[in-house]
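Chains as they are written, first to last, in this note's numbering: chain X, 1 to 390; chain D, 391 to 780; chain G, 781 to 1170; chain V, 1171 to 1560. Note that beta-carbon positions come from the ideal geometry of N, C-alpha and C, so glycine has one too.
Here it is as structure tokens:
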């Protein structure tokens, strides 16, 4: 049934293959997907991904914030051809969706970030690789093949280590640097603390560091001989809580990649970021994993968008589960959204194929949401497409 | 106990027959009715009817919206004689309630739309037949006998097919055309996708098409020989997402029936509909089945009512479960309401008799609500009868 | 431990008797009390009392409304001596609490209204006897002994029957007439309809009618011989939905008792009641039993209070469960509150003693609430004692 | 792993000790901690601590109030060195957290307040000892060693007894007096009443009284011989509901310790307290244990802070469970917060070590919250750090 019609191609494929006995491998409902992942993972790994800071109020608030907005669909517009492609900071993507940086994916799947990379590449969705990945940025780049990629940086105090990581990212074809601002110190995460679960302490999630010449040069012994020492060094150099705005200039000079700041929630910080010449902002509260009680990321988005020049792309992270969520964030001014936990659950449940299936589903649903609300291009989607609930 | 008194006739009948051992066959509570239907139906069929788009947030929002309004009853008015009869677009009805178009009812009951038609006819409630019914509009018209009926149109791109369907509807005594605007493409429905459940793919719900000369003429082989080919053609011609307002003029010319547009949610679209000379508007989000995240239909109603001339009837669909819901929509300006899932559950649980019983209950409750709030005629029910909750 | 101190007398009694092995017989928590009653009663009787109209949204709204108000306690006022006594329409009472009229209590307890009367008399709380009681007003008056009582009237269309009932109430020492305005027709009550449960159809709840000379004179045969005929007549004469404001003058003339109108929710109706010279108003939605979707009674209270002269007492009914509820209604302007379902559950669980225990608990808690919020007399409790929640 | 880095010291300790098989003994989640305590305690003792007044609406409201505020973290500020130390009414403390006065802890743990004192001393957190403690203030002072302490006073009507208690508190090194204003009479507590559970009636929680010369002198017989008589006297002298503002002058003269009034909820009472020269105010509704229906303590905080001179410290009590709660109260103007039920659960589950562990966890989380929201000192935390939720 290849012709265009009332069923989009991806839907057609699902219904037709299902009729032939090949039902979707992945739960389409996020909560069910999470439950399925929970059944697969050990308690520590599940809690590490699922959990948030403190009493997890902010994690819940991230989700609740979406329910305060509603889309008002428009009728009888020609929506036969949609184009959701966009370009952010020089990176082209098939839809305004990227995979959010998530560290240490080896706890979820043996292929870890490589499986995610292959799944992303199958759909062409850009991957933002975490500094704290289980596989090195070079390995992941190879798995991504031509698929666009960004590198997320936990910004070390040591400028040499920073420069080394960024130089490698450039060489490996990463198209932008996402600098995380909200993890100078690890948040208080009761699920992990209760089980004393922190994979980094056994050397997991340090691939980019263990493979870095500057990092290795500072060790007393190579990690192969003294992993404990390497871990200690990692915890020490990972970040520098004394970092302030004035250090951005040096970071700027240490790479020619576009720089996006991730973790901005206050419009004044957004303005300051713009003044410092960054190339993009990512509104995020780290999925509720750092500060319990923090504002829902979506609630912070509009003021941040309003605070910066329209030319500065503002992206959104923290709470995206469905196409409706993505549409809402886009309508509130986000240029693209980052998807986090859902793809990790897909990785746990279905590996590389699971990640690809999840992305195909999300993009198909987003395409339908755009079309059925009367739009064909992202530029048309603005705040007038929304109304407050109730 | 036939005399008028503190018990309305229908209540009297229930209490007296119950005392004689004939308890109501149908659950009076909607949620219990749905559970009972779920127990009767196979998982795919139940999910198809019960489910909504995406995470079903809009489906829930449709219900929540009613709880934000409250009726303020008035006392000591003579309410001994109520008259809930009304006329919409030339169709007279015993109360401002119609059966919403629901496709492919063969998945719910072997008699499908015929059982519904007979149940509706027993009470005189107009039925809006779906284009995608399991029985042809001619068969259903026969079952409806003299009961008023409207024909819902999934508007094909092909003007010939459109004209053929409308001509048949006219001939079969349908009194108006309800043009659905929100299904150029099928919404993303996880419950169906998960089970790859889409009855149309096996030829169900195509009765009006398979019996249509224009549709049949375009097939390479008659459906009796090549149903797969017929299904493919159906999916292709079902709708045309490039349809825009300017095509309304042609539609207007292809039938002398009143035309109502179903799926309007934005006041600007309502204004535009009025400018294009349609005969009625149905505020609806398709029961939350098309766009997850869309505004609750009830929240969209007041602005649509305000946007069009008072002479243009605005009807309401999406979320009606009880008489209180119907009263609320009427008070907010709806001329009539469309009832959807409840009658499908009644069909599943009780067939023709179940549909009739559900309608008798709803009309009796609505009559009491009108009376006990101090009204006797629909014209008296306006926004001043309501207050915001809390 | 008889001296006044940090423990009020009633608390002391509970703690000391409990220490001696006599724990409170009645659950102190309302929900637990209801569950206990449910376990004791047959399904029909429980549903009749517990249920409301339609989907029971208004019944829930009645409770939710209280949570939108919060008391702001004041400190360091001399609260050593409280006096909660009050007088409403010439009736003195130990606290601003009355027992709401509840019909046909024989379904709950064999002693029915007699047990309630004795329980009320033990504490001195006035009882408002329902027209539709299972025991005649004369029997109940005897059981009440000197305890104050009011008579609730379902206002018949027949002036003779009305006059007869009121004359008997006067003779039996009832101090006021509470005229119910919201039951010209019985509400749509799914729990009862589902079970076809209506005790009146078997002659229960008709004691005042079966013992009335005017009622009996209109029967073809005495009820002892033809109960079915008596029931039919009862349903016919019970109320007259054509009753309007102008009939109040005649009612006024037919009794010298104070007249209170029960069921007022709109300030315009309150004004009209005042203009017609009634002696009191009871804001009520019949506990959510008549119109599903109706405004929460508490939400209607302030505007009604504001609409009438301060000299006209406004009472409150529908939703009172706890002392905090009573205090809130008083602070919003109610002169007294009527307690409904809780005492029926107490009757079911503990009979006469249960009713007395419930009332002692409620009055003791109310006394503490008044004291601990810095008040000693009802006149001091006004809206400034409250704040909106959140 | 002793060096400063991305893991705070306390987190490092938990993760490293856990990796060595010594997992945290105490649940980090409050609700789980409460459940664990419930499993350990007898029903009466658990209910006494967990329960609140009436239907416990205010207890719930205390918690809900926190969810209406959200913190807006700021980025790229140097947060490498935080200092949460503060001084309130002359008492220095490592963080703006005190242990709230909780009476009769012998029902929870055999070591009662002594275990709490030792746990508090291990962390240096000030303890506010209840008048109604199970161990005398002198014993507790000894257990506290050098750890700062305040004495909570249930203010007797008898000036001699008051003076005696305060003189002992001064001698035992208590640094301030917290005068409770909201328990002239014990609140209506259904959980306790249902079980007739009141440990004071068997002489528990009277250590400070039984050891007091003035109290003893008034007894007919020493408590060792006639405990019932002592209990009766205790209930009589415990408080005086006729106490008004003018008695504050005498109290002021009877001690040279700073005086804080606990239980203020209305800004006018706060103003009056300031006018009377008190040294501090504690906004509190006694954890929802006195007046069901009372305003959530957090909702009362801002207006109280605004009502008094900035020089007058306002503390906060009632509802604090997490670091986010503490931060929110501080940002709304509280100079410090009092922690109640959580430490009692820690006492029940882990004794002295449990209390210390709970406090270490809370202080570590608070330190992270301060740092990760861009602050280093308490003075920097103001209302601009918050936004309303939604």
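With distances taken between CB atoms, is the gap from residue i to residue j smaller than 7 Å?
i, j, result
"residue 363(X)", "residue 336(X)", "no"
"residue 1377(V)", "residue 1306(V)", "yes"
"residue 1515(V)", "residue 1226(V)", "no"
"residue 1009(G)", "residue 833(G)", "no"
"residue 1039(G)", "residue 1059(G)", "yes"
"residue 1302(V)", "residue 1343(V)", "no"
"residue 518(D)", "residue 542(D)", "yes"
What separation, rounded to the nearest whole angstrom, lies between the Cα atoms of residue i and residue j?
i, j, result
"residue 1243(V)", "residue 1544(V)", "6 Å"
"residue 1019(G)", "residue 1013(G)", "11 Å"
"residue 675(D)", "residue 1046(G)", "33 Å"
"residue 1284(V)", "residue 1275(V)", "9 Å"
"residue 742(D)", "residue 438(D)", "21 Å"
"residue 1169(G)", "residue 1229(V)", "13 Å"
"residue 1291(V)", "residue 189(X)", "26 Å"
"residue 395(D)", "residue 715(D)", "26 Å"
"residue 123(X)", "residue 77(X)", "28 Å"
"residue 1172(V)", "residue 1183(V)", "Only weak support is given to the placement of residue 1172(V): the predicted model assigns it a pLDDT of 40, under 50, and the value that follows is read from those uncertain coordinates. Their Cα atoms are separated by approximately 9 Å."
"residue 408(D)", "residue 983(G)", "16 Å"
"residue 795(G)", "residue 905(G)", "24 Å"
"residue 1520(V)", "residue 1497(V)", "26 Å"
"residue 1490(V)", "residue 1233(V)", "8 Å"
"residue 859(G)", "residue 821(G)", "42 Å"
"residue 302(X)", "residue 380(X)", "17 Å"
"residue 169(X)", "residue 383(X)", "36 Å"
"residue 1135(G)", "residue 1127(G)", "6 Å"
"residue 1123(G)", "residue 571(D)", "55 Å"
"residue 589(D)", "residue 610(D)", "22 Å"
In three-state terms, what does DSSP make of residue i?
i, result
"residue 228(X)", "helix"
"residue 919(G)", "helix"
"residue 564(D)", "coil"
"residue 1137(G)", "helix"
"residue 1096(G)", "strand"
"residue 404(D)", "helix"
"residue 245(X)", "helix"
"residue 1324(V)", "strand"
"residue 392(D)", "In this predicted model, residue 392(D) has a pLDDT of only 41, less than 50, meaning its place in the structure is not dependable enough to derive any value."
When every heavy atom of the ligand NAD is checked, does at least one fall within less than 6 Å of the C-beta of residue i?
i, result
"residue 871(G)", "Looking for the ligand NAD in the displayed structure turns up nothing, as the structure carries no ligands at all."
- Item | Residue ranges of each alpha helix (DSSP H) within the stretch 1448-1482 of chain V, 4 or longer | Runs of the alpha helix (DSSP H) inside the stretch 1448-1482 of chain V: 1467-1477.
(Q) If contact is defined by three or more beta carbon pairs under 8 Å, each pair taking one atom from either stretch, is the stretch 747-762 of chain D in contact with the stretch 1321-1341 of chain V? (A) These segments do not touch.
So, do the stretch 475-487 of chain D and the stretch 96-111 of chain X have three or more beta carbon pairs nearer to each other than 8 Å?
By the Cβ rule, the stretch 475-487 of chain D does not count as touching the stretch 96-111 of chain X, because fewer than three pairs are nearer than 8 Å.
Considering only residues of the stretch 474-520 of chain D, which uninterrupted beta strand (DSSP E) runs meet the minimum length of 3 residues and lie entirely inside it, listed in chain order? Runs found: 476-478, 481-483, 487-489, 517-519.
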